[in-house]
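Residue numbers (this note's numbering), protein chains in the order written: chain A, 967 to 1305; chain B, 4 to 315; chain C, 8 to 512; chain D, 15 to 298; chain E, 75 to 399.
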Amino acid sequence: MSRGITQYVLLRALMIIPTVLILYTIVFIFMRILPGNPILAVVGTKSISPEQMKHLMHLAGLDKPLYVQYFDYLWQLLHGNFGVTLAFPMGVPVADYLRLRFPATLELTIWSFAISVILGLLTGTLGAVKRGTKLDTSMRLYSIVAYTLFIPWFGMILQYIFGVWLHILPTSGRINPNVNLHTITGLYVLDSILTGNWSAFVSSIKHLILPSLTLGIVLSGAYTRLVRNNMVEVLNQDFIRAYKARGVKDWKVTWYALKNAFIPVITLMGLQFAILLGGAILTETTFNWPGMGTFIIDRIEYRDYNAIQGAVVFFAFFVGLISLIVDVIYALLDPRVKY
Amino acid sequence: MLEVENLTVHYFTSVGIVRAVEDVSFSVGRREWFTFVGESGSGKSTVAQALIGLVPPPGKVVGGKIVLNGRNLLEMSEKELRSIRGKEISMVFQDPMTSLDPLRKIGDQMVEAMTEHGIDEEEAREKAVRLLESVNIPADRMDYYPHQLSGGQRQRISIAIATALEPCLLIADEPTTALDVIVQEAIMELLNELKEKGTSITFVTHDVSLAFERSDRIAVMYAGRIVEMGDADELVRNAMHPYLKALLESVPDVCSDKEVKAIPGNPPDLRNPPKGCRFHPRCPFATDICRTQEPELREVENNHFVACHGVV
Amino acid sequence: AQNKAQNQVSSVAKNKTSQSVQASSVVIGVTDKVTDLDPANAYDAFTWEILENTMVGLVKYKPGTLKIEPALAESWEVKNNSTVWIFHLRKGLKFSDGTPLTAKNVVWSIERVMRIKGDPSWLVTDFVKKVVAENNTTVIFYLKHPTSYFLALLTTPPYYPVNPKYSPDKIDSDQTAGGAGPYKIVKFVRGQEIVLEANPYYFGQKPKTQKIIVRFYRDATTMRLALQNGEIDVAWRTLRPSDIISLEKSNFNVVKVPGTYIRYLCFNVKKEPTSSVLVRRALAAAINRSEIASMVYRGTVEPLYSLIPNGMWSHLDVFKKYGDGNVKLAQQLLEKAGYSKSNPLHIQLWYTPTHYGDTEADLAQMIKSQWESTGMVKVTIKSAEWGTYVDYARKGQMQAYLLGWYPDYLDPDDYTTPFLSSTANTWAGTGFANKTVDSLLKKAQQIPNQDERAKIYEEVQKILADQVPYVPLVQGNLFVVTKPNVHGVTVGPDMVMEYAYLYRT
Amino acid sequence: MLSSIILKPVKAIFGNRPGRGFLIAGTIIVLAVVIMAIFAPFIAPYNPTAISSDTFSPPCWKHIMGTNRLGQDVFSRIVWGSRIILYVVLVATAFSMVLGIPVGLVSGYYGGKLDRVLSTVMDSIYAFPALILAIVIAVVLGPSPMNAAVAIAFVYVPTYFRMIRGQTLSLKGQLFVEAAKAIGARDREIMLKYILPNLIPTILVVFSLSVADAILTEAGLSFLGLSVTPPTPDWGYDLRVGQAFFLDGYWWLVFFPGLMIMLLAMAFALIGEALSERTSTSAR
Amino acid sequence: MPEMLEVRNLKTYFPVRVGILDSLRGKKYFVKAVDGISFSIDRGEIFGLIGESGCGKTTAGRSVLRLVEPTGGEVIFDGVDVLKLGKEELRRIRRRMQIIFQDPYASLSPRMKIGEAIAHPLIIHGIADRREAREIALRMLKRVGLTPEEEYYDRYPNQLSGGQRQRVAIARAMALKPDFVVADEAVSMIDVSMRASILELLEEFRRDYRLSMLFITHDIAVARLIADRTAVMYLGKIVELGKTRRLIDNPIHPYTKALVNAAPSITRRERREKVKLRGEVPNAVNPPKGCRLSNRCPFATDICRTKEPELREVESGHFVACHLA
Ligand SMILES: Nc1ncnc2c1ncn2[C@@H]1O[C@H](COP(=O)(O)OP(=O)(O)OP(=O)(O)O)[C@@H](O)[C@H]1O
Ligand SMILES: Nc1ncnc2c1ncn2[C@@H]1O[C@H](COP(=O)(O)OP(=O)(O)OP(=O)(O)O)[C@@H](O)[C@H]1O
Ligand SMILES: [Mg+2]
Ligand SMILES: [Mg+2]
């Protein structure tokens, strides 16, 4: 059994490859459809001799035919190398940026994820248990309203209330710059715990609250809906009535129902994580969060091919990894799954 | 032992009130096998669920009494009810595929049914093993998940769980409908043994042959009402209600070459049941009074109840 | 401009006297980025600011002025018709990590720039033929042609000696070893912050504040919030006009610094319909600079009537002859060019959305509205991301488009040659070429006498206003907004803030 | 709660059925916005792009939603802005339906290698953060409503494809399809006459939910400046510009555009929710 | 009576869905749903096929019509081997071979008016144009008792009860005037009170059209009522075949005995001989060696566990596959 599962995990991991390849190809094609290139973005409005232009293009490897560029980059990727940036500044390994930016996004998404799941479970369960009542309708409405909140708008309103008006929470950044934090993982909360840095801990938590609340609430809507609907379905199943007919306590029955309702929710989580990453872009923009989202937007301005390709490939890989984890959790939780 | 009087259950759905069960009265004695038989939608399951207080929303018991061993279940608090469920009254459901929690080992589910009623874990485990053996399932299946067992096995486990605390009343709602005849036969045997041991059984089925083959007493339901009730032998020999007569004539039999006769028409829509006797649109003997006045369930002979204006 | 700058310095001086308890660190917020810590490749205004605070060249501007004063070099001599420049270094110079700094380091660093051929390398290679270290303290430059403004060039980062830790022949973007400036870099996190500490080996005055933290913000709003929340002490480049105005109202100190960056509109003189000089003049006349300054920039910029900024010698308000928002003149000119209300001029106006800040779209809208107020123009606004925009410009694919200019060195030459010399202006894509202008500009580069040069530049500006390949719009001011307890804001006309004078009580 | 504000009047008319209340509320909002878009010239009191000196006027009788930094009337911009968002979203949705539905249908019906390749590609795109992909595409294509529509369409094709393919797969296994085969129907007839009509409820649900999603994506793109060029009024873009002034107390610059985005997305989501409840209950 | 259909050694195997591990290892398993069955049906005859759930009855019926591709064997319909036909020929022959499914809820498209559902096959086969097809459909509706037919024509399936839907399904099949019909559990999902009428309807069609029918059921009582001859299936094989009454009243194979014995009956209130099978139906992926019933049969001997019994004629027209018969 346990050998089975490791093999399953390994094989399932192989399935990430086509996903990454497909996204790389899409981005590669799109990035090169239209004029402009990173070197021009760097040179900008300065006069530069054709020789120097050529020199710079050569440095960046952009003088090669497109298909060569395509496979060159793929070849690099195979060696775990994301290439170097092509603009502002040139030549910095993209991996350095990812190492710097990704933990920020990860920290934001993890917290938002936790918030959305907890909120979703609470509201969804509440709605399902009280199905058909006003409370249920409210919860269903909550799910819709939350889901359709426009992230920057909602974020700004929170900023206004808690940052400007009440003045109790910071509205941008990840940590107070005057706090010195020795980073290990790049996840500030974790780092401050690891290094026993109390003030960094407080500061990073404070900075996390608004962005993760924004993103978390928005995404909780989808969970509310799914949990509620699954719960309603599960609660209508015979085994739930069978539990009750055996005199099992209500909270236990609800818990078992929740466990069953949770199984399909797990599948959603993989996809939801992708949406979370998308939402993170807007959240990062609104809260000046130095993560992947803002990185990608910055890099796009300069047509930094390598950086965008690298970021997309990395994201694709990460999303693949998440869905792998989700599948494994699913397989572990649901005894019916065959692998 | 169980006395039900004027039980009425309605489903308050968004498209109208479904009068699933109306004015149903019956009693089940000790060691008795009492069967509800009727077509789909006639309200059998609703009665069964009402007995144990588990009518699913939007259904509500709107009237009547359910007296078990002298106590009216409808007046009990949720907590009291819970303490009775599983211990004095328990239930087996129709679909063995869905009546066990797919995520938990069957052993755990069995044990829980007992520990919830104050039996300690160890004892419960031992008892669970014995119970499994009593329904002919090897004890090592304790660690199996429901999907690893066949439908028949699952249904036997459901029965084992339901009878773990030796309740005096076991409600079985079509426990064999999803199963094959050979398995069905085994389950019926099992229920019969339980009855012999002293459990009363309230059985629900749409299979007329099955109902009449096994039961002591039978209530025939039509559109939410009992139309005829009495000893099984008596009813076969001396069916009085036109519906039951027609029903018995429409069922083919393995053992005889009798011709079957179809019943004309369709079952009524319970949201909007026919006025008067609910069977009158399909009844060849219907008279004016049948169209206007609802017949009451009357005892026509000793222990033989019929609800028909045509029966004197 | 010089006058204003001096006022600035005197206020700095006043602040200096009232010393009380000083904090050991000041946090500065910016929306710019440090792109590249290698002076061989860095080529944007804010990165140069960091480089100028952590490195220093042979000469530098006197804080807050256009006057050049000695830095690493104590003195210098000019020979051979401004083609040989000899510099004498101070003794006992050290880099910020204590490594001795000699003439050899200076030469090595400049040769490194020439070797690497990075972006700003032309500031060296276009002028310097050879640079040699005569001995440990003497550096001699041999120039390609007489260059009257060589000292101005020397103040730019490509000429700064860098720590020998820099890779000798590769761009070293993340190198924090720095040079010999007043500060050294102790921490650099891309996109987040850079932390500076006073350089104990600096030859000049000790900085007022031991530690400077610069935080990078993605946009002005978040930076402003950070200032309001007390996360930063100084909000530096670039707040939006609206932010500055409202911050000033709510008790923050706002220091206005005249800038030397200019905004202008380009016309493609080779492409219909802007190939017609009448059209170009008409469109220039329809532009209302004061309306732009007040509505788009909310009074934070000054109208500009020439490419050479106000306050720089030789500046002439040559575009005043068209007036501001002179709809009548515009209509006349358009009619002459054959357009009318029923046959309006159709034109595309391009801008780039992020490179020049959020106000850019408003600027485009404003110009559209002004042009259309003639009733004879129909404007379509178009935009492209910077990388594409630049490509379109170079290829001459746009008709009318907005650009801006940050000077590389402070001399009228840098505001004329790159725009008007037909060999140097290919980047701008206007296609403007004029033999007279070409030869005038060449001449001005070689004459050492400033008055004679000024005459030539005046003449060039007149041709510019006549031909209208560019329409100067506004000249930027810079604003520093600080908490009330922050003093010593010092920004020179090169728009670089000198952190060494900054302190907080 | 909000529920009572929206549902109360609806309930008063249509009774106590949340599904129906949702449907009605959603339809009303959508209709209102559509009417706003169609009759914009008659509804908007001012030219939405006209610059005036009456800047930053707070909501008042003259300007019910105030004016912005250029003195443009916010309400007029909101009214006209509905055109852009509807246009982009509907064009995008039409594109992705036209691509996603037939391909999903054929792919699911025939299965085989092509199906596997298509599914892998679609799943990959689907699993990737849609907004990020849309941003990359929109930036590259340049800001214009059509390009934004293309970018959005691209990322939503997989939504339709997967849904349709999945449904087709399950319908394909249903008895009535087998029955159609048994009466001798051709593949094309089976797909068009037996499967497609049964996909319509799903399509409607996916349509409303993905339109709700696309509205937010469009708003996201224009918030990042990738959908329209000024002075074209657009909710997402106006919100973005308003952000700069929001904290100075000019709340109306942000509040109204954001509210409209939410309302419109919510309207479609309400419809989708109601429809999906309907299809799931009418299933049996 | 001439033979309408002859099935020879029909086999249908299904690949079993495996986890990705096995699929990548290239392992394949098959459910031998139908594993070599032979029988023939005469013109106008109703041939019953009974057995427990999962024994392969439905698969047999679908294989005969090639709604699933059989793995092997022959299906001779009116002299033609159906399994050898090309796609278009198959489509054409389907006019003459129809099927009625078990689940009346699923066998009609929920989005198609029932009138159209009946008319469509006529149009497909070019038997009638649109208007004529409507006429015929209306006639069929009346014929199966859905009157007023004009009103029923425009209804959708969800507006009908199960019994009514089954009538529609029958009307659809019969509209083509087929020679042969597979009725797969045609009454098992219908309300008790309606079953008899459906059975009557099928009887009528058989009489009127001289229809041959493969009548699949798990209800022995129903088989007894309607089938002329009956075959009993167990795990993909026919274990006993003969005249229905003879088979039910005097079963020979232990499995048939158990089956008949287990069937409930109103008139018989106690069991006859107790033939009890042990355990459960084994997995069809991996059936027992020898006789497939050997692990459950109370009479099993060594030969049963090693050698597979042939279907032998023990009396005229009565076949049994049991070593002990
Ligand atoms: N949850 C519910 N909501 C609304 N109506 C219901 C619900 N459950 C049952 N009903 C209706 O109540 C009536 C009686 O249903 P019940 O399930 O008791 O019938 P039954 O005799 O058990 O039928 P079956 O043989 O199909 O199980 C039916 O008309 C049914 O449609
Ligand atoms: N399409 C299929 N793919 C894989 N296995 C199948 C398929 N159809 C049927 N089977 C399997 O083949 C075996 C026989 O199934 P079939 O449906 O023919 O049995 P049946 O006798 O009709 O049973 P029931 O009484 O439940 O209808 C079963 O084990 C079933 O799981
Ligand atoms: Mg029931
Ligand atoms: Mg079957």
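Cβ atoms here follow ideal geometry from the backbone N, Cα and C, with glycine treated the same way. This structure is a prediction, so every number in the text was calculated from the model and none was measured.
Determine the extent of the beta strand (DSSP E) in which residue i is found, giving its start and end residues.
i, result
"Q355 (chain C)", "L352 to Y358"
"A23 (chain B)", "G19 to V31"
What are the boundary residues of the alpha helix (DSSP H) that residue i is part of?
i, result
"Q172 (chain E)", "No alpha helix (DSSP H) holds Q172 (chain E); the beta strand (DSSP E) holding it covers M171 to I174."
I'd like to know if residue i contacts chain C, where contact means its C-beta is closer than 7 angstroms to some C-beta of that chain.
i, result
"V300 (chain D)", "The structure shown does not extend to residue 300 (chain D), since chain D is modelled only from 15 through 298, so no value can be given for it."
Give me, in chain order, the residues of the same chain whose beta-carbon lies closer than 8 angstroms to that of residue i; leave out the 5 immediate sequence neighbours on both sides.
i, result
"N232 (chain E)", "P184"
Strictly under 7 angstroms for the Cβ-Cβ distance: is residue i near chain D by that measure?
i, result
"R213 (chain E)", "no"
"I1127 (chain A)", "no"
"H392 (chain E)", "no"
"P360 (chain C)", "yes"
"Q3 (chain C)", "The structure shown does not extend to residue 3 (chain C), since chain C is modelled only from 8 through 512, so no value can be given for it."
Excluding the 5 residues flanking residue i on each side, which residues of the same chain have their C-beta closer than 7 angstroms to its C-beta?
i, result
"V105 (chain E)", "Y87, F88, V90, A358 and V359"
"G56 (chain B)", "L76 and L84"
Can you tell me whether DSSP reads residue i as helix, strand or coil?
i, result
"P338 (chain E)", "coil"
"M204 (chain B)", "Note that residue 204 (chain B) is Ile in the sequence shown, not Met. It is a strand residue."
"T366 (chain C)", "coil"
"H292 (chain E)", "coil"
"H1148 (chain A)", "coil"
"Y60 (chain D)", "coil"
"I140 (chain B)", "coil"
"F288 (chain B)", "coil"
"G279 (chain B)", "coil"
Comparing the C-beta of residue i with each C-beta of chain A, is any distance below 7 angstroms?
i, result
"A279 (chain D)", "yes"
"T229 (chain C)", "yes"
"Y147 (chain B)", "no"
"F175 (chain D)", "no"
Short of 6 angstroms in beta carbon distance, which residues of its chain neighbour residue i, apart from the five on each side in sequence? Order them along the chain.
i, result
"E59 (chain C)", "V503"
"Q1125 (chain A)", "T1137"
"K69 (chain C)", "E76"
Is there at least one Cβ from chain B nearer than 7 angstroms to residue i's Cβ?
i, result
"A301 (chain E)", "no"
Continuous alpha helix (DSSP H) assignments of at least 4 residues falling wholly in the segment 165-238 of chain E: 188-198, 204-217 and 223-227
Every unbroken beta strand (DSSP E) within the segment 179-223 of chain C, with a cutoff of 3 residues, ordered by chain: 190-196, 200-205 and 218-223
Every unbroken beta strand (DSSP E) inside the segment 17-92 of chain C [3 residues or more]: 32-37, 66-68, 75-77 and 80-86
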